[in-house]
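Going by my numbering, 97 is the number at position 95 of the sequence shown; the sequence numbering is gapless.
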Amino acid sequence: MVKLFCAFVGKEGSAFEVDIDERASVSALKKMVKAEKPNDLKDVDADKLQLFLAKKGDAWLTQLDALQGVSDTSDYKHLPIPGAKLRAVGLASGQLGEVSDEEGAAGKGPVHVLVVAPEGDRGSANETAQLLKEVHEIHEQTVLTKRKRYVHSKLNSTQGRELLEDLNIKVDLVRTVPYAAREETQIDAFKWESVSDECGQEIALTEEQQRERYRAYVEDNISDELIEKQLCVIGVEKGENILTVQVRGRDIELKGRTDLLILSDIVKDNPSDVRYLPEVKLLIEVKRAVIPSSDFQALSELIALDLLVDDPVMALLTDLNGVWLFFWVSEKENDSARIHKATIQKPGFHASKNL
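Listed below in structure tokens is the structure:
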């Protein structure tokens, strides 16, 4: 049995305890939550609840955080598969985090699961969330009205071309020579995973759900070069808008993050120092399927990173299989900033090794 502390999203002081077998499923946990809170959830079917793993990186949400209220789940991992075992989604007994009695009394004990009930069924929780949303919208309309914002992950082809035009940036294609790979340099393609639901249907896992797997895949394939140059591969947590910057001299903001960064391994001592981007060399935007408009997300992220740091940087857009697209900022030409784009034939890791 494991003891899980849960909290409703949008409801202050709502942490509560559920005892359940770690071999049980996400669906069973939903039923236990409903049974533990029959009054709060009297009009809600258990299967309509949404559960989120209340963890950012290695840090659990605290009970003090829950006491003050949590209104946003965007930073947390959704648990959408009813049949998934709790121990397989990060809720095994050895993964739950332990604190001393003193820390527990100070509210530093962990909250493991965030619970979202359907709209219209949480009363004051919905009202709180709606109020926060309205305050945010008012702020957007009054304070940020004049500022044009581009969110990296939401750029389509039209917005991407508009961004390049706003910043007077041209993209130049660069010819490349295929790398003549020796037999011992052959690298297996990354295998994107799927899971089966209770009906046996295959459900493709998202890039976000597989980020740690592909981070390790990249790291393993360039490990010698990373060690030699004292670099590391870091996965950027959802919600950490590390590539947010205001363009100097213009009412334009670029906002968001990327998937992976290759930068100084000094950040391993204190992961929060990633925000300072020490000796960053490369950002990697990973897509299960790269489409033409994906270029603009990589370009937007590269522009933001170039504005944030002093040294030259590159961007890689890849599916970790056959698509390896590299971008870097070049010299100005005819008063236009230039970004070069090169398509590297497999294996694309050999370009990364030369950073």
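Note that CB positions come from ideal geometry on N, CA and C, so glycine has one too.
Just so it is clear, the structure is predicted and the values come from calculations on it, not from any experiment.
Rounded Cβ spacing between residue i and residue j (contact assumed at less than 8 Å)
i, j, result
"Val4", "Leu63", "Not quite, the Cβ-Cβ distance comes to about 17 Å (not below 8 Å), so this is no contact."
"His154", "Lys13", "The Cβ separation is near 32 Å, so there is no contact."
"Val113", "Asp67", "7 Å"
"Asn272", "Ala191", "About 34 Å separates the two Cβ atoms, so there is no contact after all."
"Gly92", "Leu53", "In fact, because the Cβ distance is near 11 Å, the residues do not count as touching under 8 Å."
"Leu377", "Val288", "Because the chain in this structure spans residues 3 to 357, residue 377 falls outside the shown range and cannot be described."
Residue i versus residue j - alpha carbon distance
i, j, result
"Thr160", "Leu166", "10 Å"
"Leu6", "Gln212", "24 Å"
"Arg277", "Val269", "9 Å"
"Arg217", "Lys44", "43 Å"
"Trp330", "Phe298", "13 Å"
"Pro294", "Thr320", "12 Å"
"Lys231", "Leu175", "29 Å"
"Lys87", "Ile346", "41 Å"
"Asp275", "Gly202", "43 Å"
"Lys343", "Pro314", "15 Å"
"Ile341", "Asp77", "32 Å"
"Ala107", "Gly71", "18 Å"
"Leu51", "Val117", "7 Å"
"Ala26", "Ala94", "10 Å"
"Val307", "Phe328", "Sequence check: residue 307 is Leu here, not Val. C-alpha separation (whole angstroms): 14 Å."
"Glu214", "Ile229", "19 Å"
"Ile83", "Asp253", "43 Å"
"Gly109", "Val115", "16 Å"
"Ser196", "Glu104", "43 Å"
"Ser29", "Trp194", "25 Å"
"Leu31", "Lys334", "58 Å"
"Ala317", "Ala300", "7 Å"
"Val312", "Asn243", "Reading off the sequence, residue 312 comes out as Asp, not Val. Using only the alpha carbons, I get a separation of about 19 Å."
"His80", "Asp49", "14 Å"
"Val20", "Ser73", "21 Å"
"Ala37", "Leu233", "49 Å"
"Gln65", "Ser102", "14 Å"
"Arg124", "Val282", "Confidence in Arg124 is poor, its pLDDT being 45 and thus under 50, which makes the residue's placement too unreliable to answer from."
"Ile205", "Ser332", "42 Å"
"Asp47", "Arg177", "58 Å"
"Gly237", "Ser225", "15 Å"
"Ser126", "Ala9", "Because the pLDDT at Ser126 is just 48, under 50, the model does not fix this residue reliably, and the point stays unresolved."
"Ala90", "Gly111", "22 Å"
Nearest neighbour of residue i, chosen from the options [CA to CA]
i, options, result
"Asp2", "Asp77, Glu14, Met34 and Lys13", "There is simply no residue 2 to check, as the chain begins at 3 and stops at 357 in what is shown."
"Gly251", "Leu307, Val325, Arg149 and Ser295", "Arg149"
"Ser302", "Lys172, Lys32 and Glu333", "Lys172"
"Val11", "Lys110, Gly106, Thr75 and Asn158", "Thr75"
"Asn336", "Ala90, Ile286, Asn170 and Val72", "Asn170"
"Glu210", "Lys283, Gly241 and Ser29", "Gly241"
"Val402", "Ile244, Val292, Lys57 and Glu204", "Coverage of the chain is limited to positions 3 through 357, which leaves residue 402 absent and any answer about it impossible."
"Leu69", "Phe18, Ile229 and Ile205", "Phe18"
"Leu265", "Lys289, Leu284, Ser73 and Val117", "Leu284"
"Tyr152", "Lys32, Ile305 and Met316", "Ile305"
"Ser296", "Gly96, Arg163, Pro82 and Glu100", "Arg163"
"Ile286", "Gln52, Lys193, Val220 and Gly59", "Val220"
"Val235", "Leu207, Leu279 and Asp103", "Leu279"
"Leu157", "Arg259, Asp226 and Glu200", "Arg259"
"Glu255", "Leu245, Gly85, Gln65 and Ala56", "Leu245"
"Ser338", "Asp168, Asp226 and Val91", "Asp168"
"Gln248", "Ala90, Lys58 and Leu309", "Leu309"
"Glu100", "Leu207, Ser198 and Ala61", "Ala61"
"Glu227", "Leu53, Asp267, Val238 and Glu239", "Asp267"
"Ala119", "Lys39, Gly59, Glu239 and Glu204", "Lys39"
"Arg290", "Lys58, Val282 and Thr208", "Thr208"
"Glu239", "Asp222, Lys58 and Gln65", "Lys58"
"Ile189", "Asn223, Gln65 and Ser332", "Asn223"
"Glu200", "Asp47, Gly85 and Cys8", "Gly85"
Beta-bridge partners of residue i, as assigned by DSSP
i, result
"Met34", "In the DSSP output, where bridge partners are listed per residue, Met34 has none listed."
"Ile341", "Val173 and Val331"
"Gly241", "Its beta-bridge partners do not exist; DSSP assigns none."
"Glu311", "A small correction: the amino acid at residue 311 is Val; Glu does not occupy that position in the sequence shown. The partner list for Val311 (beta bridge, DSSP) is empty, contrary to what the question assumes."
"Cys234", "Leu265"
"Ile286", "Leu262 and Leu318"
"Trp194", "BP columns for Trp194 are empty, so no partner."
"Val358", "What is shown of the chain runs 3 to 357, which leaves residue 358 out entirely."
"Gln52", "Val118"
"Glu204", "Ser198"
"Tyr152", "Leu256"
"Phe298", "Answer is none; Phe298 lacks a bridge partner."
"Ala9", "Leu116"
Residue i Cβ short of 6 Å to the ligand SAH heavy atom set
i, result
"Ala306", "Absence of the ligand SAH is noted for the structure shown, with no ligands found whatsoever."
| message | In chain order, what are the residue ranges of uninterrupted beta strand (DSSP E) at least 3 long that sit wholly in the segment 55-116? | response | 61-64
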